[in-house]
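Visitor: Take this structure, written in structure tokens, and hold onto it; I'll ask about it next.
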Amino acid sequence: MPPPAQLLTAIRAEQARRSERAERERIRARTAALAGFVQEAWHVLEPNQPYVHGWHIEALCAHLEAITHGRFLALGLENRLLINVPPGTMKSLIVSVFWPAWEWGPCGLAGLRYLTTSYKEDFVKRDARRMRDLVSSAWYRALWPHVALSRSGEISFANTATGSREGMPFASLTAGRGDRVIIDDPHSTETAESETERERTLRIFRESVTTRLNDPARSAIVVIMQRLHERDVSGEILRLGLGYVHLMLPMEFEPDRACRTPIFADPRTLDGELLFPERFPRSVVERDKVPLGAYAVAGQFQQRPAPREGGLFDRAGFGIVDALPPIEKWVRAWDFAGTKKRPGADPDWTVGVKMGRGTDKRFYIVDVVRVRETPGKVRQRLINTAGQDGAAVGIRIPKDAGQAGIAQVEDYVTALAGFIVSAVAPTGAKEVRAKPLSSQVEVGNVLLLRGPWNETFLEELGMFPTGGHDDQVDAAADAFNELAGVLPGEGLIEFYRRQSGVSPAPELPRHGWSIPSGAGAGAGEGSRIELLAPAGTGMVIGLSGTRYTPDTHGRITVLRADAGPLLASGFSYEAEAT
Numbered sequence: 005m006p007p008p009a010q011l012l013t014a015i016r017a018e019q020a021r022r023s024e025r026a027e028r029e030r031i032r033a034r035t036a037a038l039a040g041f042v043q044e045a046w047h048v049l050e051p052n053q054p055y056v057h058g059w060h061i062e063a064l065c066a067h068l069e070a071i072t073h074g075r076f077l078a079l080g081l082e083n084r085l086l087i088n089v090p091p092g093t094m095k096s097l098i099v100s101v102f103w104p105a106w107e108w109g110p111c112g113l114a115g116l117r118y119l120t121t122s123y124k125e126d127f128v129k130r131d132a133r134r135m136r137d138l139v140s141s142a143w144y145r146a147l148w149p150h151v152a153l154s155r156s157g158e159i160s161f162a163n164t165a166t167g168s169r170e171g172m173p174f175a176s177l178t179a180g181r182g183d184r185v186i187i188d189d190p191h192s193t194e195t196a197e198s199e200t201e202r203e204r205t206l207r208i209f210r211e212s213v214t215t216r217l218n219d220p221a222r223s224a225i226v227v228i229m230q231r232l233h234e235r236d237v238s239g240e241i242l243r244l245g246l247g248y249v250h251l252m253l254p255m256e257f258e259p260d261r262a263c264r265t266p267i268f269a270d271p272r273t274l275d276g277e278l279l280f281p282e283r284f285p286r287s288v289v290e291r292d293k294v295p296l297g298a299y300a301v302a303g304q305f306q307q308r309p310a311p312r313e314g315g316l317f318d319r320a321g322f323g324i325v326d327a328l329p330p331i332e333k334w335v336r337a338w339d340f341a342g343t344k345k346r347p348g349a350d351p352d353w354t355v356g357v358k359m360g361r362g363t364d365k366r367f368y369i370v371d372v373v374r375v376r377e378t379p380g381k382v383r384q385r386l387i388n389t390a391g392q393d394g395a396a397v398g399i400r401i402p403k404d405a406g407q408a409g410i411a412q413v414e415d416y417v418t419a420l421a422g423f424i425v426s427a428v429a430p431t432g433a434k435e436v437r438a439k440p441l442s443s444q445v446e447v448g449n450v451l452l453l454r455g456p457w458n459e460t461f462l463e464e465l466g467m468f469p470t471g472g473h474d475d476q477v478d479a480a481a482d483a484f485n486e487l488a489g490v491l492p493g494e495g496l497i498e499f500y501r502r503q504s505g506v507s508p509a510p511e512l513p514r515h516g517w518s519i520p521s522g523a524g525a526g527a528g529e530g531s532r533i534e535l536l537a538p539a540g541t542g543m544v545i546g547l548s549g550t551r552y553t554p555d556t557h558g559r560i561t562v563l564r565a566d567a568g569p570l571l572a573s574g575f576s577y578e579a580e581a582t
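Using our numbering, read the sequence shown as starting at 5 and increasing by one per residue.
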């Protein structure tokens, strides 16, 4: 019999082996799921950073597992996945590092071959190094010894089971094949707005990606990125309807855009609820919005990019001046916040836009008040601002339906005794109410007095109607409509007709208007004719969406398809366009 000391040592060694064996079994059981593997393997790659979990990690992992286990294929879907999430949410680590290592190890699929790419080769190298460090670590090798590297390079490596990882910058995605093609950020934030660079990236995506698959029917393509432009790779996938399962998780929840996939629904319910508050609390999100600006926030945070220019308002159409001409009429229009401020939400703003009509018949926006305050403080803000503006500045406020709206108006009118106050009930779509203002912006008739509020104002109007807020749009549109005399619910043509004193034309069916007989016989809807506009008419928009501005003699040349409604609204026929 061995000495007691030797026996004790042997017992302790056996206990240690059993403990290690139990720990390995615990880890193997937990890493049967990708999310468990991410948590267990985290310490290998980030030994000095504690792991922070979020529900979105479970969502990412569930969709990647659906590819691994063939769940999408079983549902009759393509093995394609598009992921749009904000920066800093572990997208590259999960998709480009942990997922391949998980498939090789815990899933026993060491023969899988990966083709990985990003717009920048440095990022391809970074993620290749991370995965190589993970699968060659003592921790990983002890658990999954069947994974052994046979070739190890800076950007590519292979294992003894014929599995491999080949990396290359996206611009060079013209060679090699894989069972998984992982495209991680194909666009650079610096070049995504360059049409030339963006179209080059889209061409590579359209022409090269599907030809890089080992099995066209079963191999997978995963695209993961933050949105940078409406015509980025994500936009192209969605526009062409390429059959990708689309996991879209904005930083702040928007109920009308809640993500649903065949296997998942965004669990958030509150407007503005954050995606990853454990790492990005409200204070951090609001701080980071400031340098990004509204355009980048919409794309990179909210995954709904909109054009900087070319929406309803082209910000380049606004002039900025340092001095004002004589102003013949003033108004400040208010738009009151419709949502209550609450923790975790991005509520509406209360906005007051001060606008004047100059003796040059142009419109000048000179000040914007924009606050998030309680109703009592908003009331006092309105009174104080009116006092600062003076009695010469008219005040326009919205009149909501119902007794509460009537009571609010009565209270405000009483509190603003001595001022000219108009209360107008908003009618029609916001875009319709804003069109009279946008038409004047387009022809250069709306200018801003230089001030610190300019950029925020221009960002919001440039994003309208797809931006996160439209409070400044509503207030500016109401101010313009008050000055210009646009009636609630009135369209452009009706406004111009009324301004010119033209009596209402009889209601005509869509194709009931007539052009003089014999004029343009046989001409198609795409031919053009000349019309004479009623006196004082500015720019008009035809049914085709084309914008027309009369010349100095009041003549406009329009598409035949647009002529009928204009003739019905007081325009007169002149001649066929030559």
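From the three backbone atoms N, C-alpha and C, an ideal C-beta is built for every residue, glycine too.
Name, in chain order, the residues that DSSP records as bridge partners for R169.
Guide: Along the sequence shown, one-based indexing puts residue 169 at 165. Its beta-bridge partners are Y118 and F161.
Visitor: Measuring CA to CA, which of L38, D183, G432 and K129 is closest to S160?
Guide: For this step, residue 160 is matched to residue 156 along the sequence shown. Ranking the options by Cα distance to S160, first place goes to K129.
Visitor: Given this structure, state the Cα-to-Cα distance separating L38 from A262, to the nearest angstrom.
Guide: Taking the first residue of the sequence shown as 1, we reach residue 38 at position 34. Taking the first residue of the sequence shown as 1, we reach residue 262 at position 258. So the alpha carbons of these two residues sit roughly 24 Å apart.
Visitor: Could you check what DSSP says for S156 in three-state terms: helix, strand or coil?
Guide: Working through the sequence shown from its first residue, we reach residue 156 at position 152. S156: strand per DSSP, three-state reduction.
Visitor: On the CB-based measure, 16 or more other CB atoms within 10 Å of its CB, does G183 come out buried or exposed?
Guide: By 1-based counting over the sequence shown, the position of residue 183 is 179. According to the sequence provided, residue 183 is Asp. The question's Gly does not apply to it. Buried, by the Cβ-count rule.
Visitor: When DSSP builds the beta bridges, which residues end up paired with T265?
Guide: Position 261 of the sequence shown, counted from the start, is the residue given in the question as residue 265. F268, per the DSSP bridge assignment.
Visitor: Taking the runs of the beta strand (DSSP E) that are 3 residues or longer, which of them lie wholly in the segment 333-416?
Guide: Taking only runs of at least 3 residues, the beta strand (DSSP E) segments lying wholly in the segment 333-416 are 354-362, 367-375 and 397-402.
Visitor: Do the CB positions of H473 and L253 come within less than 8 Å of each other?
Guide: Sequence index remark: in the sequence shown, residue 473 carries index 469 (1-based). Sequence index remark: in the sequence shown, residue 253 carries index 249 (1-based). No.
Visitor: Kindly indicate which residue of P104, W334 and F468 has the alpha-carbon position closest to the one of K358.
Guide: As a first step, residue 358 must be located in the sequence shown, where it is residue number 354. Here the closest residue by C-alpha is W334.
Visitor: Considering only their Cβ atoms, is the gap separating K403 from V428 smaller than 8 Å?
Guide: Indexing the sequence shown from 1 puts residue 428 at position 424. Indexing the sequence shown from 1 puts residue 403 at position 399. Yes.
Visitor: Run the CB neighbour count on H67, radius 10 Å, all protein chains shown included, and call it buried at 16 or more, exposed below.
Guide: Numbered from its first residue, the sequence shown carries residue 67 at position 63. That one is buried.
Visitor: Just to confirm the assignment, what range does the beta strand (DSSP E) spanning A427 have?
Guide: What you label residue 427 is simply residue 423 of the sequence shown in a count that begins at 1. A427 -> beta strand (DSSP E) spans V425 to V428.
Visitor: The alpha helix (DSSP H) that contains Y248, what's its start and end?
Guide: If you number the sequence shown from 1, residue 248 lands on position 244. Careful: Y248 lies outside any alpha helix (DSSP H) and carries neither H nor E.
Visitor: Whole angstroms is fine: what's the gap from E332's alpha carbon to V294's?
Guide: As a working note, residue 332 is residue 328 in the sequence shown. As a working note, residue 294 is residue 290 in the sequence shown. About 37 Å.
Visitor: Name, in chain order, the residues that DSSP records as bridge partners for V48.
Guide: Position 44 of the sequence shown, counted from the first residue, corresponds to residue 48. Beta-bridge pairing links V48 to no other residue.
Visitor: Under 8 Å by Cβ, that's how I've got V450 and L441 pegged, so tell me the actual separation to the nearest angstrom.
Guide: Numbered from 1 along the sequence shown, position 446 holds the residue referred to as residue 450. Numbered from 1 along the sequence shown, position 437 holds the residue referred to as residue 441. Right, their Cβ atoms sit about 7 Å apart.
Visitor: Return the bridge partner residues of D188 from the DSSP annotation.
Guide: Taking the first residue of the sequence shown as 1, we reach residue 188 at position 184. The partner list for D188 (beta bridge, DSSP) reads I228.
Visitor: How many angstroms separate the CA atom of D478 from the CA atom of E486?
Guide: Counted from its first residue, the sequence shown places residue 478 at position 474. Counted from its first residue, the sequence shown places residue 486 at position 482. Straight-line Cα distance between these residues: approximately 12 Å.
Visitor: Would DSSP call S576 helix, strand or coil?
Guide: Residue 576 sits at position 572 when you count from the first residue of the sequence shown. Reduced to three states, the DSSP call for S576 is strand.
Visitor: So N88 is in the beta strand (DSSP E); what residue range does that whole segment cover?
Guide: Residue mapping note: residue 88 aligns to position 84 of the sequence shown, counting from 1. R84 to N88 is the span of the beta strand (DSSP E), which, as asked, contains N88.
Visitor: L536 bridges to which residues according to DSSP?
Guide: For the purposes of this step, residue 536 is identified with residue 532 of the sequence shown, where counting begins at 1. L536 pairs with R559 and S576.
Visitor: Would you mind reading off the limits of the alpha helix (DSSP H) that contains I71?
Guide: Sequence index remark: in the sequence shown, residue 71 carries index 67 (1-based). Where I71 is concerned, the enclosing alpha helix (DSSP H) stretches over W59 to T72.
Visitor: DSSP puts G325 in a beta bridge; with which residues?
Guide: Stepping through the sequence shown from its first residue, residue 325 is reached at position 321. Checking the sequence, you will find Val at residue 325 rather than Gly. BP columns for V325 point to L453.
Visitor: Can you give me the start and stop residues for the alpha helix (DSSP H) that D292 sits inside?
Guide: In the sequence shown, counting from the first residue as 1, residue 292 sits at position 288. Element bounds for D292: R286 to A300.
Visitor: For Q304, which option in D270, H191, S576 and A411 has the closest C-alpha, if you only look at C-alpha atoms?
Guide: Taking the first residue of the sequence shown as position 1, residue 304 is located at position 300. Here the closest residue by C-alpha is H191.
Visitor: When burial is assigned at 16 or more other CB atoms within 10 Å of the CB, is S238 buried or exposed?
Guide: Position 234 of the sequence shown holds residue 238. Buried.
Visitor: Helix, strand or coil for E107 per DSSP?
Guide: For the purposes of this step, residue 107 is identified with residue 103 of the sequence shown, where counting begins at 1. Here E107 sits in helix by DSSP.
Visitor: Would you check whether the ligand COA has a heavy atom nearer than 7 Å to the C-beta of N218?
Guide: This structure lacks the ligand COA, and indeed carries no ligand of any kind.
Visitor: Assuming L309 and H233 make a contact with CB atoms under 8 Å, what is their CB distance in whole Å?
Guide: Taking the first residue of the sequence shown as position 1, residue 309 is located at position 305. Taking the first residue of the sequence shown as position 1, residue 233 is located at position 229. Going by the sequence as given, residue 309 is Pro instead of Leu. The Cβ separation is near 5 Å, so the contact holds.
Visitor: Which same chain residues end up closer than 7 Å to E649 when comparing Cβ atoms and leaving out the 5 residues on each side of it in sequence?
Guide: Beyond the ends of the chain as shown, which are 5 and 582, falls residue 649; an answer cannot be given.
Visitor: Is there contact here, the segment 195-203 with the segment 147-155, by at least three beta-carbon pairs under 8 Å?
Guide: The segment 195-203 is not in contact with the segment 147-155.
Visitor: Please return the same chain residues whose Cβ sits closer than 7 Å to the Cβ of E578, not counting the five positions on each side in sequence.
Guide: Here the question's residue 578 lines up with position 574 in the sequence shown. Cβ within range, chain order: E534, L535, L536 and R559.
Visitor: Per DSSP, which residues does I331 bridge with? Please list them.
Guide: By one-based count along the sequence shown, residue 331 stands at place 327. Per DSSP, G362.
Visitor: Ordered along the chain, which non-local residues of its own chain (more than five positions away) have a Cβ less than 8 Å from that of V289?
Guide: Taking the sequence shown and counting its residues from 1, the one referred to as residue 289 is at position 285. So the list reads M255, E256, L278 and F305, once near-sequence residues are dropped.
Visitor: Rounded to a whole number of angstroms, what is the C-alpha to C-alpha distance between D236 and Q230?
Guide: As a position in the sequence shown, residue 236 is number 232, starting the count at 1. As a position in the sequence shown, residue 230 is number 226, starting the count at 1. Their backbone Cα atoms lie some 10 Å apart in a straight line.
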